[in-house]
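Visitor:
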Amino acid sequence: MQHKIKGAPFGIIQTTANNRGILKLYHESENKTPTKIVLTNTTVLCTHSIPFHISIPEFLSFIAPVETHVSHYRVIKEANKDTYMVLMKFKESQAANIYFEQYNNRRFSSMEPETCQVLYVESAETEQDSEPLFILVSPEETCSVCLEPLGESKSGILTILCQHTFHCHCLLKWKDGSCPVCRYSQKKTVTEDGGGSHKVFQETEERVIGQSDDNDNECAECKTKEGLWICLICGYVGCGRYQGAHAYKHYRETEHIYALDIASQRVWDYVGDGYVHRLVQNMADGKLVELPDNTRPDNTAFSQQEKLESIALEYSYMLTTQLDSQRIYYENQIDKVSSQLIKLTTQLKQLEIQAKNAVEENEYLEHQISLKAKEASKVMDGKEVAEKSYEIWKEKLEALKDLWLKEKEMTNTLIQSNEELSKSNELAANSISELNDQVRDLKFFLEARKKVQADPSLEGGSVETRQSSRRRKGKRRPEGR
């Protein structure tokens, strides 16, 4: 075996048809006997000499730190009826070595003297009719507690003494130490002999549905602890008709027709409105055969053993039927929860997307508000500057307006003066024109007179003159002499 700790004990496990184990303990690997099945895939350890008062859930809680490293647990009886052993198939040999170092010779409790005895398993021998140590789990095989496939769990699987296999974490929740399927219990009950001088321990196999040492059962509605009935389909606990009738109310709501009286262990049929008769199947044709009620006197010649077999067969059939109903019920519940979960998951994703969009939109709006606030601040500053400029330009405008009015007044005065001067200039120009005409006429007259005086032959002649184009209409030039 690989990774074996030096000096550690090892042994050979031999299982028999009655699910008991024979452990052959060795201290030196050279002295081991030939084996039939050599475990080479993984390292297998055996924790032996475990007292029966330590239940399987308690043992699993004790070794909880290494639970994830174990793929399969197998519980086997020992020759000593007060103890049992657990074979542990580890996923890795290193984890097995760590378990051996930490738990070997470790006390189960500080209040008890028993210690955890661990050894390596070199090989296993099985008889022809006995079960294999570690079964191969098929994909269709499911855990009877959670109804999930055995191979899809992260925790290991556990095979107990009655050969039923479960998930470890499912069996941890089953507190009474019995099998959830057949109610097999490895606990010890204490009985006293006739003299009462000493006590004798005996092993019990419990196969009656609903028996429990737990007195904490109470109605799920009114919390009463009297007249309780438990639904065989879903396990709902309610009170009887003489209390609050919550068990009957549960039947009306769910239509689960079978309920077990916890006190008398009798099954009530709500549809037939009476207790269920003991029914078994005929082995030949599979038809149901009604057996006499156990309250009637026994007039048959059957032996006690046959009666016990009939009772066992009856409860096996009833258990199978109710487990099928339970499976169908929980499958429907799981489908409903799954559909609701899918719906809620979809809604959650949509809400997350909406929330994300709302956050992004909020951030965008906050950014825009910040930009607009800055712009508004700039605009307010510009407004103040503009108002100051407006006041200045308003004052300047008032001054320019006053100046304009003065200039306009002066302009009007100058225009008036200009018109008057224009008129005066026009009159002066007319006077100058007339005077020029007169001067010209005078010059002509003088020149003519001079010529006449100079030439006596012109004396007594007449002189004609043409009117000047510059003279005004109707005004004649004076004639010369």
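Note that this note's numbering gives residue 275 to position 67 of the sequence shown, counting from 1, and the numbers run on in steps of one. Think of the CB as a built atom: it goes at the ideal place given N, C-alpha and C, for glycine as much as any other residue. Remember, it's a predicted structure, so these values are computed and weren't measured experimentally.
Per the contact definition of three or more C-beta pairs closer than 8 Å, is the region 272-280 in contact with the region 297-306?
Guide: They touch, by the three-pair rule.
Visitor: Suppose only complete runs of 3+ residues qualify. What are the beta strand (DSSP E) ranges in the region 434-490, listed by chain order?
Guide: If we require 3 residues or more, the beta strand (DSSP E) runs fully inside the region 434-490 come out as 436-439, 445-447, 466-469, 475-477 and 487-489.
Visitor: Buried or exposed: Y328, going by 16 or more other Cβ atoms within 10 Å of its Cβ?
Guide: Your numbering for residue 328 matches position 120 in the sequence shown. When all chains shown are included, Y328 counts as buried.
Visitor: Identify, in the order they occur along the chain, each residue of the same chain with its Cβ nearer than 7 Å to the Cβ of S533, setting aside the five sequence neighbours on each side.
Guide: By 1-based counting over the sequence shown, the position of residue 533 is 325. Cβ within range, chain order: I441.
Visitor: Roughly how many whole angstroms lie between the Cα atoms of S318 and V326?
Guide: Here residue 318 corresponds to residue number 110 of the sequence shown, with the count starting at 1. Here residue 326 corresponds to residue number 118 of the sequence shown, with the count starting at 1. Rounded to whole angstroms, S318 to V326 spans 18 Å at the Cα level.
Visitor: Are the Cβ atoms of H458 and C427 separated by less than 8 Å?
Guide: The sequence position of residue 458 within the sequence shown is 250, counting from 1. The sequence position of residue 427 within the sequence shown is 219, counting from 1. In this structure, C427 does not lie closer than 8 Å to H458 by Cβ.
Visitor: Would you call the region 449-457 in contact with the region 520-530, where contact means no fewer than 3 C-beta pairs closer than 8 Å?
Guide: These segments do not touch.
Visitor: Cα separation between L379 and Q530?
Guide: Position 171 of the sequence shown, counting from 1, holds the residue named residue 379. Position 322 of the sequence shown, counting from 1, holds the residue named residue 530. Computed Cα separation, rounded: 20 Å.
Visitor: Using DSSP's beta-bridge definition, name the partner residues of H280.
Guide: Translated into the one-based positions of the sequence shown, residue 280 becomes position 72. Looking at the DSSP assignment, H280 forms a beta bridge with K297 and I365.
Visitor: How is the beta strand (DSSP E) around I258 delimited, first residue to last?
Guide: Here residue 258 refers to the residue found at position 50 of the sequence shown. Unbroken beta strand (DSSP E) run through I258: V252 to P259.
Visitor: Given a threshold of 16 other Cβ atoms within 10 Å of its Cβ, counted over all protein chains shown, does H464 qualify as buried or as exposed?
Guide: Walking along the sequence shown from the start, residue 464 turns up at place 256. Buried, since its Cβ has 16 or more Cβ neighbours within 10 Å.
Visitor: Straight-line CA distance for V587 to S578?
Guide: For the purposes of this step, residue 587 is identified with residue 379 of the sequence shown, where counting begins at 1. For the purposes of this step, residue 578 is identified with residue 370 of the sequence shown, where counting begins at 1. Cα to Cα, the separation comes out at about 14 Å.
Visitor: Buried or exposed, going by whether 16 or more other CB atoms sit within 10 Å of the CB of I550?
Guide: Position 342 of the sequence shown, counting from 1, holds the residue named residue 550. The residue is exposed, with fewer than 16 neighbouring Cβ atoms inside 10 Å.
Visitor: What distance in whole Å lies between the Cβ atoms of L358 and R535, which are believed to be in contact at a cut-off of 8 Å?
Guide: Translated into the one-based positions of the sequence shown, residue 535 becomes position 327. Translated into the one-based positions of the sequence shown, residue 358 becomes position 150. The Cβ separation is near 15 Å, so there is no contact.
Visitor: Can you grab the Cα-Cα spacing for the pair Q558 / S585, in whole Å?
Guide: For this step, residue 558 is matched to residue 350 along the sequence shown. For this step, residue 585 is matched to residue 377 along the sequence shown. Q558 and S585: Cα-Cα distance of roughly 40 Å.
Visitor: Kindly identify the DSSP beta-bridge partner or partners of P357.
Guide: Numbered from 1 along the sequence shown, position 149 holds the residue referred to as residue 357. Beta-bridge pairing links P357 to T350.
Visitor: If you measure between the beta carbons of H256 and M296, is that distance less than 8 Å?
Guide: Stepping through the sequence shown from its first residue, residue 256 is reached at position 48. Stepping through the sequence shown from its first residue, residue 296 is reached at position 88. Result no, Cβ atoms of H256 and M296 do not sit closer than 8 Å.
Visitor: Buried or exposed: A467, going by 16 or more other Cβ atoms within 10 Å of its Cβ?
Guide: On the sequence shown, position 259 is the one that residue 467 refers to. That one is buried.
Visitor: Would you identify the three-state DSSP class for H375, choosing helix, strand or coil?
Guide: Reading the sequence shown from its first residue, position 167 is the one you call residue 375. Correct three-state label for H375: strand.
Visitor: Going by beta-carbon coordinates alone, are F316 and I262 separated by less than 8 Å?
Guide: Counting from one through the sequence shown, the residue named residue 316 turns up at place 108. Counting from one through the sequence shown, the residue named residue 262 turns up at place 54. For F316 and I262, yes; Cβs fall inside 8 Å.
Visitor: Under three-state DSSP, which class holds K616?
Guide: In the sequence shown, residue 616 corresponds to position 408, counting from 1. Helix.
Visitor: Within the continuous alpha helix (DSSP H) that includes S269, where are the two ends?
Guide: Locating residue 269 in the sequence shown gives position 61, where the first residue counts as 1. It spans I264 to F270 - the alpha helix (DSSP H) in which S269 sits, taken as one unbroken run.
Visitor: Pull up the distance between the alpha-carbon of R634 and that of D663, whole angstroms please.
Guide: Here residue 634 is taken as the residue at index 426 of the sequence shown, counted from 1. Here residue 663 is taken as the residue at index 455 of the sequence shown, counted from 1. One detail in the question is off: residue 634 reads as Glu in this sequence, not Arg. If I take the Cα positions, the gap works out to 43 Å.
Visitor: Reducing DSSP to helix, strand and coil, say where S546 ends up.
Guide: Sequence index remark: in the sequence shown, residue 546 carries index 338 (1-based). In this structure, S546 counts as helix in the three-state DSSP scheme.
Visitor: Buried or exposed: T598, going by 16 or more other Cβ atoms within 10 Å of its Cβ?
Guide: Position 390 of the sequence shown, counted from the start, is the residue given in the question as residue 598. The identity of residue 598 in the sequence shown is Tyr, whereas the question assumes Thr. When all chains shown are included, Y598 counts as exposed.
Visitor: What are the partner residues of C324, as DSSP defines its beta bridges?
Guide: Along the sequence shown, one-based indexing puts residue 324 at 116. BP columns for C324 point to R314.
Visitor: Work out the CA separation of S301 and N425 for me, nearest whole Å.
Guide: Translated into positions along the sequence shown, residue 425 becomes position 217. Translated into positions along the sequence shown, residue 301 becomes position 93. So the alpha carbons of these two residues sit roughly 44 Å apart.
Visitor: Please tell me whether T291 and P259 are closer than 8 Å, where the distance is taken between their beta carbons.
Guide: The residue given as residue 291 occupies position 83 in the sequence shown. The residue given as residue 259 occupies position 51 in the sequence shown. The answer is yes: Cβ separation under 8 Å.
Visitor: Alpha carbon to alpha carbon, how far is S352 from C370?
Guide: The count along the sequence shown starts at 1 and reaches residue 352 at position 144. The count along the sequence shown starts at 1 and reaches residue 370 at position 162. C-alpha separation (whole angstroms): 13 Å.
Visitor: Report the rounded CA-to-CA distance for Q350 versus S269, giving the unit in angstroms.
Guide: As a working note, residue 350 is residue 142 in the sequence shown. As a working note, residue 269 is residue 61 in the sequence shown. For clarity, residue 350 is Thr in the given sequence; the question names Gln instead. For T350 and S269, the distance between alpha carbons rounds to 23 Å.
Visitor: Return the residue from the list N288, R282 and F298 that minimises the CA-CA distance to V252.
Guide: One-based indexing of the sequence shown puts residue 252 at position 44. Checked all of N288, R282 and F298; the closest Cα to V252 is F298.
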